[in-house]
Amino acid sequence: MAEQERKGLVARWLEGKERSEDYARSTLPTNRWSLFWDILKGRFGRLMLVNLLMLVTALPVIAIILWRFLAVGIAGTGGQFGAGLGPSFPVVPDIVGQAESLMFQYDVVFFSLFIPAGLIAALGLSGGMYIIRNLVWTEGIFVANDFLRGIKRNFFNVLESVMIFTIVLFLARTMGNLADLSVATGVSGKGWMIASKVVGYIFVAFMLPVCLWMLSLGISYKQGPWALLRNAVVMTVGTFPQTVFFAALALWPFFLALFGGVGFFGVVGILFLLLIGFSYASLVWLDYSQWAFDKYVNPNIGVATGRGLYNKDKQGTNAPATVTEEQNEAMREYRRQMVAHGRSVLASRPIKPIDDGVEMYELPESFSREDLQKLRESKQAMEADVRQYEAEHRDDEQYVAYNREFDEIARAIGTEENGSGKKKKKKVRRPKMLSGK
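Residue numbering for the sequence shown follows my numbering, beginning at 5 and increasing consecutively.
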């Protein structure tokens with residue numbers, strides 16, 4: 005056995021892994037973890053560009069967060085809270101409940117502003133997550149075109165999830181501030197207010213993964229508003245432990261930037277968000293979502309599983325277990341158009357090559373009746389030669405097979421059209437998600 009040639013570092017670096025002896029298709033991603041790392045390493049520049057587009061649309065939300073932080077900080081050092089710190093500040097003997105009341109007033113304004121700001125952020129989410137989904141499906145992308153296409157296709161589904169979360173967050177924060185104010189002022193019924201605060205924050209924590217599922221479901225499938233919310237709740241409950249883990253794995257940069265303060269961790273979170281944070285979170289969540297869809301959804305609706313992964317057994321991507329109704333209808337429409345346009349002249353009968361056989365007589369610049377007769381005879385000879393060629397090759401396998409297939413398609417289309425008026429086709433309903441039936 006010949007010894008394998010050992011190449012130097014520079015030679016291996018110039019040639020790349022694809023030309024090395026140990027390279028094989030088995031090195032392609034075969035699971036969702038390897039697909040995530042493959043996209044993160046191989047498409048890092050694209051991810052940064054997508055992150056920039058999503059970051060631009062999220063600027064209103066970021067501005068509101070910074071505005072609230074500065075406003076609350078300034079209010080805490082001025083007015084009645086800074087009494088005695090300067091000559092112009094009056095002395096306020098009783099400030100019980102003043103901080104809670106001020107926080108309630110600020111949060112009503114700022115958290116209500118999150119709702120219209122979420123409309124702008126939904127533009128970036130719909131376009132950016134559509135590009136990330138195509139990367140997970142290992143499809144070719146053009147960032148600018150696909151970003152606009154994602155907005156056009158997925159904006160309303162994304163807007164629904166963003167609006168639900170911002171409204172729930174506004175209501176929960178309002179109830180929490182009212183509970184704090186009631187405790188500070190000692191009003192009656194404060195126990196119910198505290199309970200409402202706890203329930204509100206629990207509901208926000210539950211709606212966060214639900215809205216994440218609404219994003220991935222709305223981008224991957226065509227669904228109505230109510231079906232989108234219902235299916236998101238089903239997916240959250242049915243995959244709760246995995247959902248909590250991957251939601252935390254995807255959103256840690258946001259929590260680090262929001263709650264890390266002005267120290268080291270806060271700066272790391274902010275820098276990561278500016279660089280690739282939005283794309284990273286979308287990639288983690290959509291990659292996990294595709295795993296869940298392959299396990300619980302796609303087999304029930306006849307959609308191919310393992311999309312974007314290399315299948316070692318089949319030497320390619322997985323084929324769908326069953327053909328969907330849309331694919332059936334598209335194939336029937338293609339066959340109808342094929343029959344309507346008639347048989348292809350090039351495929352249904354033999355045609356002699358133009359550079360083989362009889363040549364046509366060419367008229368001289370000054371010709372006579374005898375030259376015209378020669379031209380006519382050459383044309384007749386050429387036509388006879390073409391008919392002879394067609395007769396000799398009429399029974400060739402390629403023409404016989406095409407005509408037989410065309411006749412079968414025309415017969416099948418005629419049978420479908422004749423039977424469509426007699427028997428009403430039963431409507432196929434989509435099976436319930438997470439159902440084993």
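Just so you know, even glycine gets a beta-carbon here, dropped at the ideal spot from N, CA and C.
All values derive from a computational prediction rather than experimental measurement.
In angstroms, rounded to a whole number, what distance separates the CA positions of SER372 and ASP389? Just so you know, the alpha carbons of SER372 and ASP389 end up roughly 26 angstroms apart.
Considering only their Cβ atoms, is the gap separating SER186 from LYS194 smaller than 7 angstroms? In this structure, SER186 lies closer than 7 angstroms to LYS194 by Cβ.
Pick helix, strand or coil for ASN35, following the three-state DSSP scheme. ASN35 falls in the coil class under three-state DSSP.
Inter-residue CB distance, ARG398 and PRO357 (contact presumed, cutoff 8 angstroms): About 16 angstroms separates the beta carbon of ARG398 from that of PRO357, a gap too long to meet the 8 angstroms contact definition.
For SER224, the nearest candidate out of LEU152, ILE135 and PRO33 (CA to CA): Selected option, being the one with the closest Cα: ILE135.
ASN55 bridges to which residues according to DSSP? The partner list for ASN55 (beta bridge, DSSP) is empty, contrary to what the question assumes.
Compute the distance between the beta-carbons of TYR393 and LYS378, then report whether it is under 7 angstroms. Taking 7 angstroms as the Cβ cut-off, TYR393 and LYS378 do not qualify as a contacting pair.
Given that a residue counts as buried once 16 or more other Cβ atoms are within 10 Å of its Cβ, and exposed if not, what is ASN138? By the neighbour-count rule (16 or more Cβ atoms within 10 Å), ASN138 is buried.
Select from VAL248, PHE146 and ILE168 the residue whose C-alpha is nearest the C-alpha of ALA126. ALA126 has its Cα closest to that of ILE168, out of VAL248, PHE146 and ILE168.
Backbone secondary structure at ASN322 - three-state DSSP: Model confidence at ASN322 stands at a pLDDT of 45, short of 50, so the residue's coordinates are unreliable; what they give is reported in the following sentence. Of the three classes helix, strand and coil, the one that applies to ASN322 here is coil, per DSSP.
For SER293, count neighbouring C-beta atoms within 10 Å of its own C-beta (all shown protein chains included) and say buried if the count is 16 or more, exposed if not. In summary, SER293 is buried, with 16 or more beta-carbon neighbours lying within 10 Å of its beta-carbon over all protein chains present.
Inter-residue spacing [alpha-carbon to alpha-carbon] between GLY264 and GLY273: Those two C-alpha atoms are separated by around 8 angstroms.
Straight-line Cα distance separating ASN35 from ASN158: ASN158 and ASN35: Cα-Cα distance of roughly 27 angstroms.
Measuring only the C-alpha atoms, how far is MET386 from GLU363? Rounded to the nearest angstrom, the two C-alpha atoms are 7 angstroms apart.
Where the alpha helix (DSSP H) through ASP375 begins and ends: Where ASP375 is concerned, the enclosing alpha helix (DSSP H) starts and stops at 373-397.
Cβ contact check for the segment 232-250 and the segment 172-184: 3 or more pairs under 8 angstroms: These segments do not touch.
Should PHE40 and ASP291 be called a contact, given that it needs their Cβ atoms to be closer than 7 angstroms? In terms of Cβ geometry, PHE40 and ASP291 form a close pair [threshold 7 angstroms].
Among residues of its own chain, excluding the 5 on either side of LEU253, which ones have a beta-carbon nearer than 7 angstroms to its beta-carbon? VAL288, listed in sequence order.
Looking only at its chain, what residues have a beta carbon closer than 6 angstroms to the beta carbon of VAL1, apart from the 5 residues adjacent to it on each side? The first residue shown for the chain is 5 and the last is 441, placing residue 1 beyond what the model contains.
With 16 as the cutoff for other CB atoms within 10 Å, does MET218 come out buried or exposed? By the C-beta density criterion, MET218 is buried, having at least 16 other C-beta atoms within 10 angstroms.
Among LYS383, GLU104, LEU63 and PHE410, which one has its Cα closest to the Cα of ALA79? Per the C-alpha coordinates, the member of LYS383, GLU104, LEU63 and PHE410 positioned closest to ALA79 is GLU104.
Would a C-beta distance cut-off of 7 angstroms place THR170 and ILE206 closer than the cut-off? For THR170 and ILE206, no; Cβs fall outside 7 angstroms.
So LEU129 packs on VAL166, CB below 8 angstroms; how close in whole Å? Right, the Cβ-Cβ distance comes to about 7 angstroms (below 8 angstroms), so this counts as a contact.
Neighbour-count burial assignment, PRO368, 16 or more Cβ in a 10 Å radius: PRO368 is exposed by the Cβ-count criterion.
Measure the C-alpha to C-alpha separation of PHE108 and VAL203 and round it to an integer number of angstroms. Approximately 18 angstroms, taken between the alpha carbons.
Can you give me the start and stop residues for the alpha helix (DSSP H) that PHE282 sits inside? Per DSSP, PHE282 belongs to the alpha helix (DSSP H) from 282-296.
Buried or exposed for GLY452, please, with buried defined as at least 16 other CB atoms from any protein chain shown within 10 angstroms of its CB. An answer regarding residue 452 cannot be provided, because it is not within the stretch 5 to 441 covered by the chain.
Cα separation between LEU106 and VAL208? Between LEU106 and VAL208, the C-alpha separation is close to 23 angstroms.
Could you give the first and the last residue of the continuous alpha helix (DSSP H) run that contains TRP141? Where TRP141 is concerned, there is no enclosing alpha helix (DSSP H), given that its DSSP letter is neither H nor E.
Nearest-angstrom Cα separation, counted from GLY281 out to MET133: The C-alpha of MET133 lies about 13 angstroms from the C-alpha of GLY281.
For GLU369, which of helix, strand or coil comes out of DSSP? The answer is coil: DSSP assigns GLU369 none of H, G, I, E or B.
Contact check, PHE115 vs PHE151, beta carbons under 7 angstroms: No, Cβ-Cβ distance for PHE115 and PHE151 is not below 7 angstroms.
Using a Cβ-Cβ cut-off of 6 angstroms (strictly less than) and excluding sequence neighbours within five positions of LEU260, which residues of its own chain qualify? Its chain contains PHE269 and GLY273 as the residues whose beta carbon lies nearer than 6 angstroms to that of LEU260, once the 5 sequence neighbours on both sides are disregarded; these appear in chain order.
Specify, as a first and last residue, the run of the alpha helix (DSSP H) that ILE274 falls within. The continuous alpha helix (DSSP H) containing ILE274 extends over residues 268-276.
Using the C-alpha atoms, what's the distance from ALA67 back to SER92? Unreliable positioning characterises SER92 in this predicted model, as indicated by a pLDDT of 49, which lies under 50. A coordinate reading is not provided.
Quick one: Cα of GLY320 to Cα of VAL307, how far? The predicted model places GLY320 with a pLDDT of 41, which falls under 50 and marks its position as unreliable, so this point remains unresolved.
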